[in-house]
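What follows is a short report on a single structure.
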Amino acid sequence: MSSGSVFFISTVPSFMAWMTYISHWFDEDDWYEGQQRAKMSHVKQVGLLAAGCQPWNKDICAASGDRFAYCATLAVYIYQLDHRYNEFKLHAIMSEHKKTITAISWCPHNPDVFASASADSLVIIWNVNEQKVVAKLDNTKGIPASLGWCWNAGDAVAFVSHRGPLYIWTISGPDSGVTVHREAHSFLSDISLFRWHPKKKGKVVFGHTDGSLSIFQSGSKNQKHVLRPESLEGTDEEDPVTALEWDPLSTDYLLVANLHNGIRLVDSESLSCITTFSFPSAAASVQCLAWVSSAPGMFITGDSQVGVLRVWNVSRTTPIENFKLKQTGFHGLHVLSSPPKQKSCSSQYPPKNHHTSSTSEAVPPPTLTQNQAFSLPPGHTVCCFMDGGVGLYDMGAKKWDFLRDLGHVETIFDCKFKPDNPDLLATASFDGTIKVWDINTLSAVYTSPGNEGVIYSISWAPGNLNCIAGGTSRNGAFIWDIRKGKIITRFSEHGKNGIFCIAWSHKDSKRIATCSSDGFCIIRTIDGNVLHKYKHPAAVFGCDWSQNNKDMIATGCEDKNVRVYYLATSSDQPLKVFTGHTAKVFHVRWSPLREGILCSGSDDGTVRIWDYTQDACINVLSGHTAPVRGLMWNPEIPYLLISGSWDYTIRVWDTRDGTCLDTVYDHGADVYGLTCHPSRPFTMASCSRDSTVRLWSLTPLINPLQINIITDRCWDDIIGNTDRAVESGAPPLLCGKVSRDIKQELEKLSGSLQGKKLRWFSEFFSPPGGSKNLWDLVAVIKGQDDSLLPQNYCKGIMHMKHLIRFRLWDKALSVAPGVSMKYWRKLMQRRADQLIQEENDDVIPYCIAIGDVKKLVSFFTSRGQLKEALLVAQAACEGNIQMLTLSTTSGTSNSAGNNTDDYNDLLQKVSKELADWYFQDGRAVLAACCHLAVENIELAMANLIRGNELELAISVGTVLGESAAPATHYALELLARKCMAVITCFPSLGYRDLAVDLLMMIPDNKLQLVKLCAFYPGCTAEINDLHEKCNLPDVEECMRVAETIQVDGDVFETMKFYLLSTEPEKALPVGIQYVKEQLCGSDWTLDSVFPYLDLLSYIRTEQLMLPKCSEFRNELLILCGYIGALLAIRREYNSIVPALYEYTSQLLKRREVSVPLKIEQLSEELDAWRACTQSNKPTDELPCSPPSESQRALYSVLVSRIQGEPLKGMVGPDCVTGSNLPSHSDVHTSCLTGLKIQGPVFFLEDGKSTISLNDALMWAKVNPFSPLGTGIRLNPF
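Everything in the sequence shown is counted per this note's numbering, starting at 353 for the first residue and increasing by one.
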């Protein structure tokens, strides 16, 4: 019998599919339109608060190999082990279900595949590696309450609703489809969960809510509703089966947990109970259990009331060990079958050996208590808790490897930054709680008592009152004091009607407004005195206090209207009623900068802008395809408005003309709340039905403002009044309080203000995540008095001179030698070696006691504990860990290993390791902090540039001065390239001048100015005007100079002046012929040809596209692709090296050209690079075959041509902020690699092909032309 509809989704990767596009592109589109489509998002995701694990359904966590997964309400969160750093990272958020996920199950035969089921009668098969749906089964005839892969069949998954039957879906093959298990149906009690036997084909057990089990096995008698706990026999009482697991070492034994009757080991054949396990307390009950595969006979359980993890062995009826991990109870447990492997500390350590004789210099075996005789397994357990917390616990080391605490498990309806402490963000959820988060650590610091039903809306008290007002679905409104941790006031004027919005007046802290489904907007004082009750004809969904008039409030109503009330009168009638929406109005928001302007969002999918003074709708913002919920004005740019919708998107609007500036697709469900950071006005938070909170930076939208500050332009180009700012086409100007306060503070100071100006505005524009820490370190390096450092400086990355003493020193002193010094040291050394082999934390005091700093640093580094390694190295540099001094035979004193230079080298090495960890995690600013802490300015600047934090790099570099100059100049050059994006900048002369101003900050800027003028696509008068600004001759004079120089044979200068002339295309044959001649020789190097191609690449795009230039264009693209590949090898941009070679090969294959390159040669070079670079790298995979002699020889030639990177620190891949953050719904595949893109995406000029922003940045730095082979320049900066 079949059930439901099955959809299969192709999983064939589109590897290099972009190449088929190259030969057709010019026939289909105009190049200028293509240039308009090449773009990246203006809104950058910079932080993610992941959802917690749902506490309702049973099978909501699973693991396979080096991954584990858990379910929020609507999405599955996948964490994957990063083998380099030995830590689990959020790898993917799989979001396709529209209703609550009920179960997940990982395929036992394929670690890349798992299944999920949901309350909308849907089962989905996912491929984790490709982050895509493989197949779907809808209409499952009942909600699948439990789900499990059939162990005996690789492609079949079974699911069951509460009373059955058990359906088996064979996903592929000749027998694909859905069948019903012949016997597993017509149950008398609901099914809690079921488990297939991992070894005995077809054997399956069901656990029921009445406490019984049902067991089915082909060829044996089926047993329904057997093995109820003895105490329930003969009664109607229910005691649900909460957990079931087959014994991995037996075909018949089974562990069963009942909620009240505890745990039993039962025999499924004889239907008898073998062992009943006893808990220390009769009150303890169990929600979950799991076998520990690495320790035969051992299993673990999680208590349901309190977070106690208990370790058991089947040979004992009582627990071996109890760990209290949290206050809240367990909901799910899963033991990783292959726990994280520790990296070997060093090959010098001896292998672990058994205890030797008592007379040898060894440590005696430890004495064991009865419980310790059962050694704890080195198991890692995924723990899910009733409060949504999720963690990975190392039972052997008794510590959390990872803990994601207190996540929301349901829709988050509202989020608000704390006005007086913007590091705190409050969120309100369907789960009945308010949580307050530290956005620097992304961890929960406060949570409300809960049980409030649904909390729809929250509002912080003004100032430092530390209270939050909340509006609920059925319990009225309340005020929660976060410090006291309790509700201090309740408001019940709306009865049991839902309160959709609550707003605390920030002009009059005694007044709170609420609006409700009862049709009233009520204004009251905080002590409960009702001031006004404004009656509406239908439910009121939103209200907002005017930020300019403390007595004015606006409301949004179900009757499609917006109303404005004036509290200073006794009338209960509105002053204004605005009509125009065609469906209910939800939120309303007054502009903080433009008096009388407000906006409203509606279920009609539009946002309307109203002018109170004109009684009119002045704009309608159309673009959302579903009801609008979140609304937020930017507090600095008066025309900038952000909206969130049920269409899962966030849109950014220019309300002057109604243009949508950007659309963000990362949320996986309805977007409800939007809030702006009070002191960083271009940092925004959003919340959603997908249970996540995301942090965003809007800074790219107003990039010219940052450049105006960097280039020290006058205040009129930075700060202005609202009237100027809202003029059509006017460049962005800051009009808010925060920017005005910065200006006022600067005007109070004397002397050079540029350093302070750069710092204060840099923090103003930057999102949280290290920029303040970075500037504190810059101040220390520049000699600022320590007394001026902020109080929280010690919480961040500190300069090496500010380190506190190493905290484990006192513990080390207790290891006092009672024998000869030589014997004691040797003893300690051997014990340390042994403990390192055991990965035992007890090694720390031994290493400190003997002063073996390098061994201790190596130990911490191998475990991924890089911060601890850094602390040890820094303490050694300060002299807080001393090597014991031993007398040598000559009587002199020897301090082996206590050499200051050695320790400084060690400190630099560990700092770099920690910086690398931050950098690859998408936190370039913190990586730069690590380098500045040890005054490695070169690497700090390199990390900022490789993270594309160009404005921050220039600001910091300008303040640091000469020591940062080379990197600052490089960053200025890249930022000028950003300003040269034709579409966003060059149509405006003001933007063109920004590029000039940036390049003028580089002392030796002649060549950079030539490139700028060559590329500028204006009319002749505009081009000559630009030439004049750059101290270059006009275009006619350049033509004459070029012709003169060409006779003299100076190729580079000839190219330069032709590019600046009236006929720039004449530079192409000159330069290309020179490069081809070079490549025909045997002694050319990268540096002898790259400058020529780089200069040629700045030819105006419209000139390059001329039909008469097609042959030269093709040759230029091919040569730039090949030299780009070599540059990528030099800079270790390993992810794009194969793509650059393939790009060049495809162009050679498809275009009629005459260049000294052969496809076979490119293929051999790529193979040689792969063989020689991969053989040098340690890997967990199977060893690769070593390179052949011919490959070694070819790679040696390549290396000699490539030579070294002149800018130290620029070697290594780029990694922008947010690279580690998975999208929830907007998942793109890279046309370079065929892999899913994690982090920011860059759209190419066809408007549909995508590559990761990291790959786009690296590509543009080595090959300026698009991967689509169109001749359009790539500008992802």
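Each residue gets a CB set at the ideal place from its N, CA and C atoms; glycine is no exception.
Could you spell out where the beta strand (DSSP E) holding residue i opens and where it closes?
{"i": "Gln406", "result": "Neither: Gln406 is in no beta strand (DSSP E) and is coded neither H nor E."}
{"i": "Tyr431", "result": "Val428 to Asp434"}
{"i": "Ala1285", "result": "Segment Ala1276 to Ala1285 is the alpha helix (DSSP H) holding Ala1285; no beta strand (DSSP E) there."}
{"i": "Val475", "result": "Leu474 to Asn479"}
{"i": "Ser811", "result": "Ile807 to Trp812"}
{"i": "Ser1497", "result": "No beta strand (DSSP E) holds Ser1497; the alpha helix (DSSP H) holding it covers Val1489 to Arg1502."}
{"i": "Trp598", "result": "Val593 to Trp598"}
{"i": "Ala1419", "result": "Segment Ala1419 to Cys1432 is the alpha helix (DSSP H) holding Ala1419; no beta strand (DSSP E) there."}
{"i": "Lys1358", "result": "Lys1358 -> not in any beta strand (DSSP E); alpha helix (DSSP H) instead, spanning Lys1358 to Phe1367."}
{"i": "Phe558", "result": "Val556 to His560"}
Note down the Cα distance separating residue i from residue j, rounded to an integer number of angstroms.
{"i": "Leu1258", "j": "Arg1329", "result": "38 Å"}
{"i": "Ile1133", "j": "Glu1265", "result": "21 Å"}
{"i": "Glu1287", "j": "Ala1280", "result": "10 Å"}
{"i": "Gly1599", "j": "Ala1608", "result": "15 Å"}
{"i": "Glu1484", "j": "Leu1384", "result": "37 Å"}
{"i": "Leu1026", "j": "Lys1089", "result": "20 Å"}
{"i": "Thr425", "j": "Pro1538", "result": "49 Å"}
{"i": "Ser1038", "j": "Tyr1024", "result": "7 Å"}
Pop quiz: residue i and residue j are said to be a contact at Cβ under 8 Å. What is the actual Cβ separation, rounded to whole angstroms?
{"i": "Pro460", "j": "Trp501", "result": "6 Å"}
{"i": "Ala1276", "j": "Cys1567", "result": "7 Å"}
{"i": "Glu1191", "j": "Phe754", "result": "Actually they are not in contact, since the Cβ atoms of Glu1191 and Phe754 sit about 17 Å apart, beyond 8 Å."}
{"i": "Ser781", "j": "Ala813", "result": "Not a contact, Cβ separation roughly 20 Å."}
{"i": "Thr958", "j": "Ser974", "result": "5 Å"}
{"i": "Leu1327", "j": "Phe1617", "result": "Incorrect: roughly 20 Å between the Cβ atoms, too far for contact."}
{"i": "Ala414", "j": "His686", "result": "6 Å"}
{"i": "Gly659", "j": "Gly684", "result": "That pair is no contact at about 12 Å."}
Since residue i sits in a beta bridge, which residues does DSSP pair it with?
{"i": "Gly908", "result": "Gly894 and Val914"}
{"i": "Asp1257", "result": "Paired residues: none, contrary to the question."}
{"i": "Ile839", "result": "Trp832"}
{"i": "Thr733", "result": "Val687 and Tyr745"}
{"i": "Phe466", "result": "Trp458 and Trp478"}
{"i": "Asn674", "result": "Arg662"}
{"i": "Met1391", "result": "Paired residue(s): none; Met1391 is not in a bridge."}
{"i": "Asp1014", "result": "Val1004"}
{"i": "Tyr419", "result": "In the sequence as presented, Tyr is not what sits at residue 419; that position holds Arg. Arg419 pairs with Ser416 and Gln432."}
{"i": "His884", "result": "Ile875"}
Measuring alpha carbon to alpha carbon, tell me which of the options ends up nearest residue i.
{"i": "Phe629", "options": "Val638, Leu1351, Ser844 and Phe938", "result": "Val638"}
{"i": "Asp604", "options": "Arg547, Leu1411, Asp757 and Gln406", "result": "Arg547"}
{"i": "Tyr1410", "options": "Val1441, Leu1378, Phe1367 and Ser1434", "result": "Phe1367"}
{"i": "Tyr1547", "options": "Ser1575, Glu1516 and Gly1570", "result": "Glu1516"}
{"i": "Leu817", "options": "Lys1408, Asp955, Asp772 and Leu1291", "result": "Asp772"}
{"i": "Gly1299", "options": "Glu1467, Arg662 and Met1562", "result": "Met1562"}
{"i": "Gly1107", "options": "Gln1143, Ser1542, Thr921 and Leu1312", "result": "Leu1312"}
{"i": "Gly1010", "options": "Ala906, Pro671, Trp962 and Leu1378", "result": "Trp962"}
{"i": "Leu565", "options": "Lys552, Pro581, Gly554 and Glu1388", "result": "Pro581"}
{"i": "Cys869", "options": "Ile840, Cys819 and Val937", "result": "Checking the sequence, you will find Ser at residue 869 rather than Cys. For the residues Ile840, Cys819 and Val937, the minimum Cα distance to Ser869 belongs to Val937."}
{"i": "Met1152", "options": "Asn1572, Cys1066, Leu1223 and Asp1006", "result": "Leu1223"}
At which residues does the alpha helix (DSSP H) containing residue i begin and terminate?
{"i": "Thr1007", "result": "Segment: none, Thr1007 is in no alpha helix (DSSP H) and carries neither H nor E."}
{"i": "Ile1475", "result": "Ser1462 to Arg1482"}
{"i": "Asn1125", "result": "Ser1123 to Ile1133"}
{"i": "Lys1095", "result": "Lys1089 to Lys1100"}
{"i": "Leu1325", "result": "The question names Leu, but residue 1325 in the sequence shown is Glu. Where Glu1325 is concerned, the enclosing alpha helix (DSSP H) stretches over Ala1317 to Cys1331."}
{"i": "Gly1309", "result": "Leu1302 to Leu1312"}
{"i": "Leu1447", "result": "Leu1438 to Leu1448"}
{"i": "Asp1377", "result": "Thr1372 to Lys1381"}
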